[in-house]
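Quick note: the sequence shown, position 688, residue 688 per full-length UniProt numbering, numbers continuous. Backbone N, C-alpha and C fix where the C-beta goes; we use that ideal spot for every residue, glycine too.
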Amino acid sequence: MTSPTPHIAEFLASIGLSHLHDVFSSEDIDMSTLPLLDKDDLKELGLTLGQRKKLLAGLAGLNAQEPAPRRVVEPPEDAPIQLRRISVLFCDIVGSTELSQQHSIEDMQIIMQHYYEVAADVAKARDGYLVGSQGDGVVILFGYPRVLDGFAERCVQAAEDLQRALAERLVVFDGRPSFHIPTRIGIATGQAAVGQASGALRGDAMQLVGPVVNRAARLQTVAHPQAIVVDSKTEYLTRNAVHYSEVEAHDLKGLPLGTEVFHVLGMHHVTKGAARPATLIGRSGETGTLRRLWVQAQAGKPSTVTLTGDAGIGKSTLLQSFVTAVQTNPTVRVLQLNCAAMGARSPLLPVAKMLEALTTGRDTAPSLSQLLGAPDPQILDRLAQFLSLGGTPRRDSTLSLRDRDGVLEFLSDWIINGATGPTLVVLENAQWADDSTRELLKRTAERARQDGAALMLIAAGREDSADIWQDATGHQTLTLTPLAARHCETLLQGIFGTKPVAHSIRKNILDHSGGNPLMLETLGHAQAAQHSVGLTGHVEIPHTIYESVSKRLDGIRLGRSVIEALAVLNSPASPALLAAVLEQNENSMTPAIDALRQAGLIQHNVVAGQDVINIRHQVYRDVIYEQIVGQSRRKIHRAAYNALGDFHTDMRTQQPDLLATHAQVARDWENTALHALAAGETLLQRSALIEAGHFLDMANTALQRLPAEDAIKQKRLRAITGLASVERSRFGIATDASADFGQQAVQLAREIGDSKTELLALNGLYAHSLVRANYPRAQEYAETLLETASQSQDKTFVMIGTRAIGAVAFHRSDQKTAQKNLNTALGQYDKDAHLHLAHAHGYDHAEICAAFLCMSNWLTGDLLQSRQFGAFSIDHSREIQHAHSLAQAMAFRLLLGALARHGAELSVIGIEAVALGEKHDIRVMRAAAILFPFVTQLCLRPEPPKPDEMTELSERVKEFRAMNPFNYGPLVASLIADVSLRAGDIDGADDALSEGAKVEQRTGETWTAPELLRLRARVAAERGHSDIARQLRDEALECARTSGAHTLALRILCDRAEADPAPDAIQDVQDAVSQMASDDHGWDMKRATALVQGATAA
1 MTSPTPHIAE FLASIGLSHL HDVFSSEDID MSTLPLLDKD DLKELGLTLG
51 QRKKLLAGLA GLNAQEPAPR RVVEPPEDAP IQLRRISVLF CDIVGSTELS
101 QQHSIEDMQI IMQHYYEVAA DVAKARDGYL VGSQGDGVVI LFGYPRVLDG
151 FAERCVQAAE DLQRALAERL VVFDGRPSFH IPTRIGIATG QAAVGQASGA
201 LRGDAMQLVG PVVNRAARLQ TVAHPQAIVV DSKTEYLTRN AVHYSEVEAH
251 DLKGLPLGTE VFHVLGMHHV TKGAARPATL IGRSGETGTL RRLWVQAQAG
301 KPSTVTLTGD AGIGKSTLLQ SFVTAVQTNP TVRVLQLNCA AMGARSPLLP
351 VAKMLEALTT GRDTAPSLSQ LLGAPDPQIL DRLAQFLSLG GTPRRDSTLS
401 LRDRDGVLEF LSDWIINGAT GPTLVVLENA QWADDSTREL LKRTAERARQ
451 DGAALMLIAA GREDSADIWQ DATGHQTLTL TPLAARHCET LLQGIFGTKP
501 VAHSIRKNIL DHSGGNPLML ETLGHAQAAQ HSVGLTGHVE IPHTIYESVS
551 KRLDGIRLGR SVIEALAVLN SPASPALLAA VLEQNENSMT PAIDALRQAG
601 LIQHNVVAGQ DVINIRHQVY RDVIYEQIVG QSRRKIHRAA YNALGDFHTD
651 MRTQQPDLLA THAQVARDWE NTALHALAAG ETLLQRSALI EAGHFLDMAN
701 TALQRLPAED AIKQKRLRAI TGLASVERSR FGIATDASAD FGQQAVQLAR
751 EIGDSKTELL ALNGLYAHSL VRANYPRAQE YAETLLETAS QSQDKTFVMI
801 GTRAIGAVAF HRSDQKTAQK NLNTALGQYD KDAHLHLAHA HGYDHAEICA
851 AFLCMSNWLT GDLLQSRQFG AFSIDHSREI QHAHSLAQAM AFRLLLGALA
901 RHGAELSVIG IEAVALGEKH DIRVMRAAAI LFPFVTQLCL RPEPPKPDEM
951 TELSERVKEF RAMNPFNYGP LVASLIADVS LRAGDIDGAD DALSEGAKVE
1001 QRTGETWTAP ELLRLRARVA AERGHSDIAR QLRDEALECA RTSGAHTLAL
1051 RILCDRAEAD PAPDAIQDVQ DAVSQMASDD HGWDMKRATA LVQGATAA
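Okay, here's the thing in structure tokens:
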């Protein structure tokens, strides 16, 4: 058996000639052609006698007489099917039908064989995988069977290479004109299932399934002959390296209408840098080190720094921040080199791109000669030849090693001595640096130390890249680790701003990002754009992270099954648990675990005396999990479910959410329903609304897949009832989904004869109608609920029905009926017996009774009783620890406080209510909490509102109405009108009151009707219409007295006394004060007292 032929870089390193790698790669010489070179070839390449001897001796040891196998990217014969991100190149011959008519079958066979051979050569050169042919089309994959950096860019470059090669390598027939094969190419990037199906015969074609393949084939149909088109994903990934046309929209068969298409116009001559975030967070230690070394460098102590870390960890951000700070000194020269994946075999490409960027693009840009200090023309010519600058073509043969050495010496001298001030050199993406660039920077550092130059060199690359200055004196390596939690919070807050995001979603984003800033930003922006991340974190992993992790995965031959099991478990696991999941002997996994640890993919720790294995970073786990194809994923989840249940006997009670997740992916619907329902109901009791909704929905979906037996319907009823509670708590009772859940619950309850749940659902439908401001329908549901509960002698729902009658009466201004029923209902409440209703309804019975009694008693003049009910609703909600009830109690307290002008105390309640609403994603309550304290402040403040405050008020009102579009519109209109009058905007006040009156008339919500009429009188007075103002005040007073709204009657009489402080008007105020049931020393009572005392003193 012969050993596999090494890669040329490995071979050269083994014989001490690694510095010659660029010489051979620039001539496309690899291990398939190297053994064919003779002494003259090696002389022509510029090798010295000693180098030639070494090389030939090394080749002899490889048995060079046997042709070396071609290094073609091929998957292993047992490659399992995986979900991979790939770029697909689909090439089709233009006019193939006409071509076949013009040539015989034998000729066509020669043409097609030529076509396939050229395609195979291009695929090999660009590390693609030639899947095969489809008629006159060929398909080449990039990103499989192994991921290489920049595989989408490689794909576009391969497409250009293929068309160029077909144009240059003509088809030749004896005695007939030669011709080239014209093609059109489509490229698409996306996910596909690719690999060898289990049970397939040896030699069978690889399976390739996914819309990306069809998309590439369809795209080529819109390409012009000898042209290339790509999809939007490919364009996004390669836009920094490829020049594209403007986007076009095409309707292609089998694809969405208006599919975006981009035509390739060529490769960029100067690589564009990726956009970088401007803010650096959490890198103060690394920044301090760089600054200290920079100070030393400026003093003549040159420094070298290697900056390493995973993809997305923030290397570029740190560098850009440091460079920006350094450039504030105009005497500093900064040279920025950027390596690219496609340039790893091109000598000094980063230097060439930097020089080209410095000498082009500006009218004032210097020439190359000026930039480099007018060197000797021969040196300049050799430099231009070696770097292919300014369109200078390369010579037929590579420059001699002596010429190469001279170029490196010249560039090194220019870096050190080419500026009057200190120089900072930054090399980014050092993992892709070619050998000549590395040699240049190594020489430069050595010379700078000898000369005491004011120079600092930084190379930033991923952890697996070789260190350029590893053995240099004083060299420093900075490894960026994941951001600390507090810095992640800061970064996330910068993305969200003032946008409310629930605590559980924030935590999920932070956990998923694993401290990786790029992943954090990806998840954060997806959530901010309302592409909801939710609890699953299912957002596409950034491509640079995917490539980096996938390269490591593709590099291991052992351990794939182990790391997939860890990804499915998604938590630290003992070797014993892993062995159980994989159905293997624990000792047999040791080699795989060792390989994974050496690859930097896992961590092996001891926790509480037990061995624990975990994937190194969460983003690594996400990439691994993404690649597990559906059938394999389901199998591992099923094994994990069984193993966890066996290893942890309390798992069913302690972590039903985890078991539900495994069962769901395994498509075990019975166990999914069992565990998800338990998890959802437990979470609902803890007011973890988002999590509860997630698992209750999971349970409902699973139950719908099971036979519709009564036992299943009973569980579905529990799930739907819980979902209705979550919906009401998070988004309000008025949503369409809330009504839909209620209707489903009524139907299921009647099917299985569950009268208790039927009553519960009827209550939900009543509440939905109430909050939708459909008071006639709410009255019907309330009466039906009370009647049905009375017939079934259900005391609990008799209590709830009584409350419902009272709540409708309150909104329709029948305060006598409201207080009678609400007091009765509150008196029937027993915390021990009725607390569970808070979780079933989404709010507590006593809390909502007290909240409505607080408002009703304020209207009827019992101000102290009102405050007591308001305090009880909040205190009781705290006591029962029910978040939604507490948020609702605070919201109603704030709503009434704005009408009553309660002042500073509202701000304190509002701050807590905002935090509570954001933590539990209770959006309605948060909107109330940001509106009512603010508008109250504007109403009570001596100075009028400013324009920016009016704009802010408009935004807050808009948010409140978006969350609560149906009821309390007249109240909000009255508050807007009051503030508008204070701001001098009479028309704005009039418009608000007109809108409030329309809502009042449409809905029948009249409890604030006297206040609207009072403010209409103020508008009339401001316009100078005193007679109309008096008439409207009289109308408002009559309305208040008819509905028993004594407090609003007092407010109206105070307005009249201020307008005309006649003795009878003052007496009316005094009489109204005497009719008040109690005095809370609030705004209305203080105002009335001041008017009476002022008149007495006068």
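Per DSSP, which residues does E428 bridge with? Please list them.
-> N338
Under 8 Å between C-beta atoms of residue 1129 and V924 | The chain is shown from 1 up to 1098; residue 1129 falls before or after that span and cannot be answered.
Identity of the residues DSSP links to A192 by a beta bridge | According to the DSSP secondary-structure assignment, A192 is paired through a beta bridge with R84.
Per DSSP, M267 forms a beta bridge with which residues?
-> V242
So, is L499 buried or exposed, given that buried needs 16 or more other C-beta atoms within 10 angstroms?
-> The sequence given here has Lys at residue 499, not Leu. Exposed.
Whose C-beta lies closer than 8 Å to the C-beta of E98 among residues of the same chain, with five residues either side of it excluded?
-> Taken in chain order, the list of residues that qualify is empty.
For the alpha helix (DSSP H) holding F695, just list the boundary residues, first then last.
-> From DSSP, the alpha helix (DSSP H) with F695 extends over L689 to Q704.
Excluding five sequence neighbours on each side, which residues of the same chain lie with their C-beta closer than 7 Å to the C-beta of A297?
-> Excluding residues within five positions, the ones whose Cβ falls inside 7 Å are S303, P422, A454, L455 and M456.
Could you check how far apart the C-beta atoms of C1054 and R1087 are, in whole angstroms? I think they sit under 8 Å.
-> 5 Å
Please list, in chain order, all residues of the same chain as I628 whose beta carbon is under 8 Å from its beta carbon, the five residues on each side excluded.
-> Q82, L83, E564, A567, V568 and I636
Where does H180 sit, in a helix, a strand or coil, going by DSSP?
-> coil
Alpha-carbon spacing of I15 relative to S367, whole angstroms | 41 Å
Does DSSP classify I1052 as helix, strand or coil?
-> Helix at I1052.
Excluding the 5 residues preceding and the 5 following H243 in the sequence, name in chain order all residues of the same chain whose CB lies nearer than 8 Å to its CB.
-> V264, L265, G266, M267 and H268
Tell me V607's beta-bridge partners as DSSP assigns them.
-> Q610
So, helix, strand or coil for residue 1142, using DSSP?
-> Beyond the ends of the chain as shown, which are 1 and 1098, falls residue 1142; an answer cannot be given.
T479 (DSSP reduced to helix, strand or coil) | Here T479 sits in strand by DSSP.
For D92, name the three-state secondary structure that DSSP assigns.
-> strand
Would you identify the three-state DSSP class for S14, choosing helix, strand or coil?
-> helix
Where DSSP assigns a beta bridge to S885, which residues make up the other side?
-> S885 pairs with nothing; no bridge assigned.
According to DSSP, which residues form a beta bridge with A460?
-> L307
Whole alpha helix (DSSP H) elements within the stretch 536–618, 4-residue minimum = 543–554, 560–569, 575–582 and 590–598
Given that a residue counts as buried once 16 or more other Cβ atoms are within 10 Å of its Cβ, and exposed if not, what is Y775?
-> Answer is buried; the Cβ neighbour count reaches 16.
Does at least one heavy atom of the ligand PLP sit under 7 Å from the Cβ of E780?
-> Although the ligand PLP was asked about, the structure shown includes no ligands whatsoever.
Would you identify the three-state DSSP class for E1005, choosing helix, strand or coil?
-> Per DSSP, reduced to three states, the secondary structure at E1005 is coil, with no helix or strand assignment.
Secondary structure of S397, DSSP reduced to three states = Residue placement at S397 cannot be trusted, given a pLDDT of 39 that sits under 50; what the coordinates show is reported in the next sentence. Correct three-state label for S397: coil.
Considering only C-alpha positions, which residue in the set Q714, K551 and V771 is nearest to residue 1174?
-> As shown, the chain starts at 1 and ends at 1098. That puts residue 1174 outside it, with no answer to give.
Do the stretch 299–315 and the stretch 510–517 touch if we need at least three Cβ pairs shorter than 8 Å?
-> yes
Between I922 and A887, is the Cβ-Cβ spacing less than 8 Å?
-> yes
Please report how far the alpha carbon of Q163 lies from the alpha carbon of L348, in whole angstroms.
-> 27 Å
Take every Cβ of the stretch 742–750, pair it with every Cβ of the stretch 929–944, and state whether three or more of those distances are shorter than 8 Å.
-> Under the 8 Å Cβ criterion, the stretch 742–750 does not count as touching the stretch 929–944, having fewer than three qualifying pairs.
Tell me where the alpha helix (DSSP H) around L826 begins and ends.
-> Q815 to G827
Roughly how many angstroms lie between the CA atoms of residue 1187 and E1005, to the nearest whole one?
-> The requested residue 1187 does not occur in the structure, where the chain is confined to residues 1 to 1098.
Straight-line Cα distance separating N585 from T317 | 46 Å
Kindly list the residues whose CB is nearer than 7 Å to the CB of A663, restricted to its own chain and excluding five residues on each side of it in sequence; keep chain order.
-> Y641, N671, T672 and H675
Over the uninterrupted alpha helix (DSSP H) stretch that includes I848, give me the two end residues.
-> H845 to T860
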